[in-house]
Structures are given as C-alpha cells and as structure tokens.
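Those sequence lines, one after another, are chains L and U.
Following numbering that gives the first Met the number 0, the numbering of the first sequence begins with 0 at its first residue and continues without gaps.
Following numbering that gives the first Met the number 0, the numbering of the second sequence begins with 0 at its first residue and continues without gaps.
2 protein chains.
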Amino acid sequence: MTLIVQKYGGTSVGSVERIRNVARRIAQSQSLGHQIVVVVSAMSGETNRLIALAHEIQKYPDPRELDVMISTGEQITIALLSMALIEIGVKAKSYTGGQVKILTDDAYTKARILKIDENRLRKDLEDGYIVVVAGFQGVDESGNITTLGRGGSDTTGVALAAVLRAEECQIYTDVDGVYTTDPRIVPEARRLKTITFEEMLEMASLGSKVLQIRSVEFAGKYKVKLRVLSSFQEGGDGTLITFEEDRNMEQAIISGIAFSRDEAKITVLGVPDRPGIAYQILGPVADANIDVDMIIQNIGHDGLTDFSFTVHRHEFVRTMSMLKDKVQSHVGARDVIGDDKTAKVSIVGVGMRSHVGIASKMFRVLAEEGINIQMISTSEIKISVVVDEKYMELAVRALHKSFDLDQIP
Amino acid sequence: MTLIVQKYGGTSVGSVERIRNVARRIAQSQSLGHQIVVVVSAMSGETNRLIALAHEIQKYPDPRELDVMISTGEQITIALLSMALIEIGVKAKSYTGGQVKILTDDAYTKARILKIDENRLRKDLEDGYIVVVAGFQGVDESGNITTLGRGGSDTTGVALAAVLRAEECQIYTDVDGVYTTDPRIVPEARRLKTITFEEMLEMASLGSKVLQIRSVEFAGKYKVKLRVLSSFQEGGDGTLITFEEDRNMEQAIISGIAFSRDEAKITVLGVPDRPGIAYQILGPVADANIDVDMIIQNIGHDGLTDFSFTVHRHEFVRTMSMLKDKVQSHVGARDVIGDDKTAKVSIVGVGMRSHVGIASKMFRVLAEEGINIQMISTSEIKISVVVDEKYMELAVRALHKSFDLDQIP
Chain L
0 MTLIVQKYGG TSVGSVERIR NVARRIAQSQ SLGHQIVVVV SAMSGETNRL
50 IALAHEIQKY PDPRELDVMI STGEQITIAL LSMALIEIGV KAKSYTGGQV
100 KILTDDAYTK ARILKIDENR LRKDLEDGYI VVVAGFQGVD ESGNITTLGR
150 GGSDTTGVAL AAVLRAEECQ IYTDVDGVYT TDPRIVPEAR RLKTITFEEM
200 LEMASLGSKV LQIRSVEFAG KYKVKLRVLS SFQEGGDGTL ITFEEDRNME
250 QAIISGIAFS RDEAKITVLG VPDRPGIAYQ ILGPVADANI DVDMIIQNIG
300 HDGLTDFSFT VHRHEFVRTM SMLKDKVQSH VGARDVIGDD KTAKVSIVGV
350 GMRSHVGIAS KMFRVLAEEG INIQMISTSE IKISVVVDEK YMELAVRALH
400 KSFDLDQIP
Chain U
0 MTLIVQKYGG TSVGSVERIR NVARRIAQSQ SLGHQIVVVV SAMSGETNRL
50 IALAHEIQKY PDPRELDVMI STGEQITIAL LSMALIEIGV KAKSYTGGQV
100 KILTDDAYTK ARILKIDENR LRKDLEDGYI VVVAGFQGVD ESGNITTLGR
150 GGSDTTGVAL AAVLRAEECQ IYTDVDGVYT TDPRIVPEAR RLKTITFEEM
200 LEMASLGSKV LQIRSVEFAG KYKVKLRVLS SFQEGGDGTL ITFEEDRNME
250 QAIISGIAFS RDEAKITVLG VPDRPGIAYQ ILGPVADANI DVDMIIQNIG
300 HDGLTDFSFT VHRHEFVRTM SMLKDKVQSH VGARDVIGDD KTAKVSIVGV
350 GMRSHVGIAS KMFRVLAEEG INIQMISTSE IKISVVVDEK YMELAVRALH
400 KSFDLDQIP
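Here is the structure:
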C-alpha cells in the first residue's frame, strides 16, 4: 500500500461545495488502495480577513499573537474537510500543526520546520484513517504556535511526505500542471509531463507561480517526488517534478520560457573600477530592504566601469532617488540612469548544460525579430535577457517556437 | 500581590472597540498591583457562525471535528486581546486550552475539566505578563481538542482561579451584579452586595441567568470567590458570591425573588397509590428527553392519588400527548390534564433555614393579592409556587415589597 500526501490550497477549499469535491477526490484516491495524508490551507480570503482584523488592533501586530490568530484559518478547514469525509463514509481525523506535532524554530510568521513526529499519523493511517493536517503552522519547543509564512502549506506537505517517505506529494492547485510557458501568451504552450527540480526553481522564481519556491527547494533536498495537479479538473497526470538522474535522455534541451514584467533596470555610469565598488552601491540598496534580481558588471575601461542591476518595478523610483542622493557622489559615479519599461525573458532547461550553442541560438532568434537585448545574465540551466517590455510577448512566442516547445519531444 | 482571574464573555469582547475597552480595564486592575489571568469567550456570534458552517457540511457534525472548529473562536479573541494589551504597553501572552494545558475527559462538546497545569502560567505571571487564556476549551489525554459546552468559559475561569488559588474570580458580563429580582419587573429591585452560592444556584436555575449554574457549582466546590461585574460600567463592586460561613449575621432572610414564565403544569389524575407509580409516569418522559422541573405528589385517598409535575412550556404539547397515548391506560389513571399558562415564582434565601414563618408569610401575601397558588414545592433555601401566568408580575412585586427587598438590610 503506497502512501500519498495531497495538498489542497485555499482556492481548492474556498467554499463548502469545493470542500465536498475535495473530499470526493480523496475518497477516490483511497479507493485505489492508497494511504492518504491531506494538507490544507485556510479557505481563500480567510487569512487576509484575520490579518485585517489584527491590524484593526495593532498597526504592527505582535508576531506571536498574529500566529495564534491566523493559524485558526487552517484549523477550520481541517475540521470541515474531515467532516465532509466522514459524511461520505470515510474515516478521517484532523490535526493542527501543534497536534502532529510539527516542531519549528520560534521565528513567528516565518518559522522553519525542524522536526515532525510521525508516530500518531502512522497509527491513524494503519487504522484506516485519512489524516487531515493543517498546513502553514507548527509549534516551537515551548509549545508556542508558529506559522511558516505565505506558501507554507506546500512546505508542510513536502515535509510530511519526506518524514513519512511518501510515494508522492501531490500539490492540487488551480492549474493542471507546469507549462512550457504561459498559455495566455503562447496558445501552443504544452503541459510538461516532467520537469526537474532545478528547472522548476528557475521557472518558479521567474514568475511561473505554480509552486512556492521554498517547498520546491525542500522537496529537492529531501528527495520528495512532487506532482502538480488541478483540483478542479478530473483525470490528468499533472506535472511530475523529477530529479535529474531520473531524467529521460530523450528529453528536450529547453523545458520552458519564463518571463517577468516586473523588472526595472538601473545603471550607475562611470564608477571607479576598484575593489568594493559593488558593495558601496548595493549595500545601501540592501539596507533599504530593496530586493535586487540581476546584477551585471562588465570589464572596465580607463579605470571606470558601468554597474547595472534590476529591481522590482515598484521599487524603481525609490531606488533611483536613493542612488542619486546617497550613492552617486559617494562613489564618484558620473550618472545614474534607469528604465522601468523593461521585461525579463528566460529560457530554462537542464539540457543546456550539455549542449553548446543554446545562448547564441537565443540571441539569433531575438535579433531576427528585431529585438534589442539590453542585459544578459546566465546560470547553468538558464539564460535571461532584459528587453524593452513592448517586445516581451513577441520574444516569448518566437523563442517558444524556435526551441520546438510546441512539439512533444 | 494578589492574583485575580477575570472572565469576559462574548458580548464584552464582541468588537474591536470593546476588546480595546477590556484591555484598558485589565491594565487598570494591574496598575492596582494585581497579577491578572484573563479568560475570554469567542466574540459574540462567532461560535454560532462556526456551528452553522459545520452544519452546511454535516447535519450532525462529527463531535471531535466540531470541537476542533469551534475552539478557534476563543483562539482569535485571546490573540486580539493580547495584541490590544501589548498595544497599550502591557506585557501579555495568550494561551489556548491545549497550551495551558487544561486537561479534560474526552466527551467532545461537553467535556469536563480534570486537571490544569499551572506551571507555565505561574512563570509568566511572575515575569509580569497578563496571561490571556481561551475559555471553553481544553485537550484530552491524547491531545485531542475538546470544548466544555455552552457557558464553559465561566467554568474555565473558576477552574483557573481554583488551581492558582486566586483571590477572586471576576465574571464580567452585561449586568452589573445580581439583583433581588429582575429590575424590568420591579424598578425598586436592588443589587445585592453578596449572595451565597446556594442562593445563587437557586436564582440561576430559576432564570436569573447571570452565571452558568455549572460554574457556580464548581466555584462552591473549590471555594472560589466569584464576583459578578459589568464590563460596560466603570466602578461598582458587583455582587460577591460568598460561602455561608462568611455571611454577615445581619443579612436579610430572603435574598431575592426568582421567576420563570417557561413552566407548563401537567397532572395525572387518579393514579393508583402504589410503589413504582412515579417511575411509570416519569420514566417515559425522561426517555423522551423531556426535562422535568417541579414534581409533586400528595397523600392519596381511597388508594388513588394525583401526580403533578412541570415541564418547559415548549415541551407541553408533546408531553401531554405522550402521557395520554402511552401512560394513562398503562398506569390506570383517570385522566391527564394540564395548563401551559402558568408561571413559577420563588423566594430564595439561606436565612429561611433559621427563620420560621417565611412560607406562611409568602402564602399570606399572595392571598392578599387574590392570587391562587396551584402548586407548591420547597427546598431548604427556596419556596416555589406555580400560579396563573397573568399574576406572575403582581406576585413578584408584592413579594419583593413584603420581604423588604427594596430596603438596604
């Protein structure tokens, strides 16, 4: 008998009717002979409602008390789902994070899981129960309630799958898998049967927000097979997230095209090319809690160089003025220029590690479309370019076609 | 430094504004040099909202899961109240029943407290924290969440006061104390400075619904001083519920007049006066889950007697038809008659134990007003009569005046 962990997000359990559907789907999985552990989020909107209520009392709610409060969202869902299962004749039992117990550190609102006690769950599973566990929450060593931060329910699912050595951790969501790119931009986009963890990480961080990046890292670390499935469509195998060693040799070199409209590009011009200059520029940015994505510095000329990076578009104005006020004269830069009408387009695939010419093919395709590349950055399994945002969709479509992503490999 | 337990009900914490008020009041008590443990209920309406949600899934919600769900109501309040305290600069920490831990039996939805671990609370109190505990809930030995049933928050307050040997358990409610009778009927009704537990039990069960009867019993058993106070009015000492041995000798003989409009009277006429007849009549009533209040049987004549009792008015029709169908011929009774236009009026006071003539005075007063007494039943500290409901208010007013309850004793 195989053990499967299924995780259902807030939209999947967003109403009584949807909770009933989820119960039916779980019962079906059980009837196929699986032991099932279910992890659920709060009903969609509930966590935000609770946070708003807390903010009526405190502008910056006490983190310990905020966790006591928002953890009730999942607690309600586990009870309702267990009732729905019992109602259709399936033995079920709910557990809060504290009851399991899911031990975390004491970093309220963004705790990390340290250990999970599997004994009680094992016993219930052997007794034929569906075990319904509240995602997103745990307890610290002193028994204080903690939460794992946004997307924490995925992490709970993966962690339970790891501890229980589950066959698979199935993440039910409102899409039916991971696509070669966003089907709204490229209608020919294809659902991937498999994708590697490394690719998934690059896809997720680039805006294909199917899975929380933290849970993907976690799954990779503990070798948990993750599968993304739709909680609304019946049938379908979704997308399995695999380890590279399991990868089919015949698989495509490129798995997908990711993109983001949220990038703004900033360049500090004519800075002295000396050690410590990157820190002098990016230190103040980090201190202001501004996240930096791509960072590029090319070789210098005549003792001067240009230093570029991208930030989220809504941080653009703040970053520009801070650089002009505090950094430009301090580092002796000539000017600070920027552009918030940019987009990032990336091709992702573990195959490119062993294939040369992928980058040049990408650049050729973009050139043929008349798209100017403003910045380039690469990792082992990803090549990203920054382009004028008006060319973003064109770039994605052209690359999707050129790399044959619309063809089954 | 004295330790005080304060309990605030659902109306007292029914909105963000009210929670802020409660926080201010607690801070005030602390500034008088007290250590404070606070017990709170769910915000008014919340428990019913959750129960309704459960009923959307199951007609008869699974009791274990129902408790998981409704216990979130208090969990939200403890967090909000702790935030409100922290916001005004008072150190505060919340605890669910499971965190304390309040150990109960495993009778879901109506569990009984077995034991409370005081260590963690003691430590927080010594560290200067206000400890905010969720009322109404606990955990069984296996860590399953349980609830204590309606009014359970009062019980939590009393139990904590007992375990912590608190100076007082203050129950904050929407009235400012216990009155000699309902001021809506007798404007001269006076707030009692003290009332004994025994009197309070009689008053509570007779419809003066200030305190849950179970918590009063509990307080009596563990010698916890209870005080009823208003959470909306500032100042005022409320009513202290005392033990008889502490009672002021000068206190009035009668403490109050209780009444209930909910009584319906039923008489089984001409039943054979033989052993077992009471059981043959009341057995079927109990089996049908109908609560019986007063029961009266006088001596018989010629081997026959009349057997009377009262039930809640909304059970009247059901009880009558059951008696006629199943009991009358079985026991060989002549007839079953009844009246649901009746009311019960009671005088309550521990003083009547040591004073003769109280009953005769009561009957004289009613006679002078032309009120016919239909049934009489007495206990050591209470005399109850059933009268036509149209005379109820007249009876209450006349008795209140005759026993000088409008005068400070």
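Glycine residues also receive a C-beta, built at the ideal position from the N, C-alpha and C atoms.
Strictly by DSSP, which residues pair up with residue i?
i: Leu-404 of chain L; result: Answer is none; Leu-404 of chain L lacks a bridge partner.
i: Pro-271 of chain U; result: U:Leu-303
i: Met-0 of chain L; result: In the DSSP output, where bridge partners are listed per residue, Met-0 of chain L has none listed.
i: Ala-158 of chain U; result: DSSP lists no partner for Ala-158 of chain U.
i: Gly-255 of chain U; result: U:Val-347
i: Val-291 of chain L; result: L:Val-310
Compute the Euclidean distance between the alpha carbons of residue i and residue j, then round it to the nearest angstrom.
i: Lys-389 of chain L; j: Gln-5 of chain L; result: 40 Å
i: Glu-117 of chain U; j: Leu-159 of chain U; result: 8 Å
i: Ser-28 of chain U; j: Met-82 of chain U; result: 18 Å
i: Ser-43 of chain U; j: Ile-69 of chain U; result: 13 Å
i: Arg-119 of chain L; j: Thr-95 of chain L; result: 12 Å
i: Asn-297 of chain U; j: Leu-268 of chain U; result: 12 Å
i: Lys-220 of chain U; j: Ala-53 of chain U; result: 35 Å
i: Asp-261 of chain U; j: Leu-31 of chain L; result: 56 Å
i: Asn-20 of chain U; j: Gly-88 of chain U; result: 14 Å
i: Pro-271 of chain U; j: Leu-322 of chain U; result: 16 Å
i: Gly-137 of chain L; j: Val-99 of chain L; result: 8 Å
i: Ile-194 of chain U; j: Val-316 of chain U; result: 37 Å
i: Lys-58 of chain U; j: Ala-106 of chain U; result: 19 Å
i: Tyr-7 of chain L; j: Thr-154 of chain L; result: 12 Å
i: Arg-189 of chain U; j: Ile-170 of chain U; result: 19 Å
i: Ala-22 of chain U; j: Ile-280 of chain U; result: 54 Å
i: Ser-345 of chain U; j: Asp-181 of chain U; result: 13 Å
i: Arg-17 of chain U; j: Thr-76 of chain U; result: 11 Å
i: Ala-26 of chain L; j: Ala-91 of chain L; result: 10 Å
i: Leu-225 of chain L; j: Ser-307 of chain L; result: 36 Å
i: Leu-191 of chain U; j: Arg-164 of chain U; result: 25 Å
For the alpha helix (DSSP H) that contains residue i, what are its first and last residues?
i: Thr-309 of chain U; result: No alpha helix (DSSP H) holds Thr-309 of chain U; the beta strand (DSSP E) holding it covers 303 to 311.
i: Lys-122 of chain U; result: 118 to 125
i: Met-82 of chain U; result: 62 to 86
i: Asp-286 of chain U; result: 276 to 286
i: Thr-318 of chain L; result: 315 to 321
What would DSSP say about residue i, mapped onto helix, strand or coil?
i: Glu-411 of chain U; result: This structure leaves residue 411 of chain U out entirely; chain U is present only between 0 and 408.
i: Lys-409 of chain L; result: In this structure chain L extends from 0 to 408, so residue 409 of chain L is not present and cannot be described.
i: Leu-147 of chain U; result: coil
i: Ser-43 of chain U; result: coil
i: Glu-140 of chain L; result: coil
i: Tyr-59 of chain L; result: coil
i: Tyr-107 of chain L; result: coil
i: Glu-198 of chain U; result: helix
i: Ala-296 of chain L; result: In the sequence as presented, Ala is not what sits at residue 296 of chain L; that position holds Gln. Reduced to three states, the DSSP call for Gln-296 of chain L is strand.
i: Ser-152 of chain L; result: helix
i: Ser-11 of chain U; result: coil
i: Val-37 of chain L; result: strand
i: Ala-188 of chain U; result: coil
i: Lys-325 of chain L; result: helix
i: Val-386 of chain U; result: strand
Taking the beta strand (DSSP E) that residue i falls in, what are its first and last residues?
i: Asp-338 of chain L; result: 334 to 338
i: Tyr-94 of chain L; result: 91 to 94
i: Ala-133 of chain L; result: 129 to 133
i: Lys-441 of chain U; result: Nothing can be reported for residue 441 of chain U: it is not among the residues displayed for chain U, which extend from 0 to 408.
i: Leu-210 of chain L; result: Taken as a continuous stretch (DSSP letters only), Leu-210 of chain L belongs to no beta strand (DSSP E), as it is neither H nor E.
i: Ile-112 of chain L; result: 112 to 115
i: Leu-239 of chain L; result: 238 to 241
When you compare the CB of residue i with every CB in chain B, is at least one pair closer than 8 Å?
i: Val-349 of chain U; result: Protein chains in the displayed structure are L and U, and chain B is not among them.
Got a sec: does the ligand NAD put a non-hydrogen atom nearer than 7 Å to the Cβ of residue i?
i: Asp-181 of chain L; result: Inclusion of the ligand NAD in the displayed structure is not the case, the ligand content being empty and no account of it being possible.
For the segment 92 to 116 of chain L, which residues have a CB atom closer than 8 Å to at least one CB atom of chain U, in sequence order? Lys-92, Ser-93, Thr-95, Gly-97 and Gln-98
What residues in the segment 48 to 61 of chain U bring their beta carbon closer than 8 Å to a beta carbon of chain L? Leu-49, Leu-52, Ala-53, Glu-55, Ile-56, Gln-57, Pro-60 and Asp-61
Which residues, in chain order, does the segment 18 to 45 of chain U contribute to contact with chain L at a C-beta distance below 8 Å? Ile-18 and Arg-19
Members of the segment 135 to 146 of chain U near chain L, C-beta cut-off 7 Å: Gly-142
Any C-beta of chain U within less than 7 Å: which residues of the segment 70 to 85 of chain L qualify? Thr-71, Gln-74, Ile-75, Ile-77, Ala-78, Leu-79, Ser-81, Met-82, Ala-83 and Ile-85
Name the residues in the segment 374 to 389 of chain L whose C-beta lies less than 9 Å from a C-beta of chain U; which are they? none
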